[in-house]
Amino acid sequence: MSCKCNINKPWRYSDPAIDITRLDPYLLKYQGIKGSLISILQKAQELYGYLSPDLLMYISERTGVKPSKVFGVVTFYTQFRTKPIGKHLILLCQGTACHVNGSAGIEDAVKSYLGVGEGETTHDGLFTYNNVACLGCCSLSPVMMIGETAYGNLTKESVAVILDKIKEGEI
Ligand code: FES
0 MSCKCNINKP
10 WRYSDPAIDI
20 TRLDPYLLKY
30 QGIKGSLISI
40 LQKAQELYGY
50 LSPDLLMYIS
60 ERTGVKPSKV
70 FGVVTFYTQF
80 RTKPIGKHLI
90 LLCQGTACHV
100 NGSAGIEDAV
110 KSYLGVGEGE
120 TTHDGLFTYN
130 NVACLGCCSL
140 SPVMMIGETA
150 YGNLTKESVA
160 VILDKIKEGE
170 I
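Going by numbering that gives the first Met the number 0, the first residue of the sequence shown is number 0, and it counts up by one from there.
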């Protein structure tokens, strides 16, 4: 049996700048639909950038799914982020074509430029770096996406040029 003592209390999010109610239309849309937890979590991440413990507790409370299950799903799937991301999210492809064409060397170049590891955000909050599977543009391999833009045929040198330009606000 789950605790119902908070059910009628207004939700207090630990960060008052975040409007938790933006998620409510989606919670209503999926209300009572079995197997909709992942869709709700995807929408929440799209709205807030990452899934904070507060947000997961809110989702648990509103869906009736136990917190342990909500947290378990989030930690199981690599698509979900539990920390805030930087201004620019770098998705470096590690799919087969990119791997064959040198994505490991590109990864070294990205890490060395940023000074952070995979899944981390730079101290200035500008970049978050993640490895991903095939981005669907293998003819450009090795390739990375930053925001909506795919950067292909990467070399160690071109990575630095691209990141420099983004940093300077030139692209
Ligand atoms: S393997 Fe990298 S885009 Fe397909």
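All C-beta atoms, glycine included, are put in the ideal place defined by N, C-alpha and C.
Quick caveat: nothing in here was measured; it's all calculated off a predicted structure.
Of the residues the options, the one placed nearest residue i, counting alpha carbons only
| i | options | result |
| --- | --- | --- |
| Cys137 | Ser102, Ile161, Asp163 | Ser102 |
| Thr20 | Lys33, Ile32, Asp53, Ile89 | Asp53 |
| His122 | Cys97, Ile84, Arg80 | Ile84 |
| Lys28 | Ala16, Gln44, Leu162, Thr62 | Thr62 |
| Leu139 | Glu45, Asn130, Gly151 | Gly151 |
Residue j beta carbon less than 8 Å from that of residue i
| i | j | result |
| --- | --- | --- |
| Leu113 | Phe126 | yes |
| Lys42 | Leu22 | yes |
| Val72 | Ile58 | no |
| Tyr49 | Lys82 | yes |
DSSP bridge partner residues for residue i (one or two, in chain order)
| i | result |
| --- | --- |
| His87 | Phe126 |
| Tyr150 | Met143 |
| Cys92 | Val131 |
Where residue i falls, given that 16 or more other Cβ within 10 Å makes a residue buried
| i | result |
| --- | --- |
| Ser51 | buried |
| Ala108 | buried |
| Leu153 | buried |
| Thr148 | exposed |
| Pro15 | exposed |
| Glu117 | exposed |
> Do the stretch 73–81 and the stretch 32–50 touch if we need at least three Cβ pairs shorter than 8 Å?
Replying inline: yes
> Is the stretch 138–148 touching the stretch 86–97 in the sense that three or more CB pairs, one from each, lie closer than 8 Å?
Replying inline: yes
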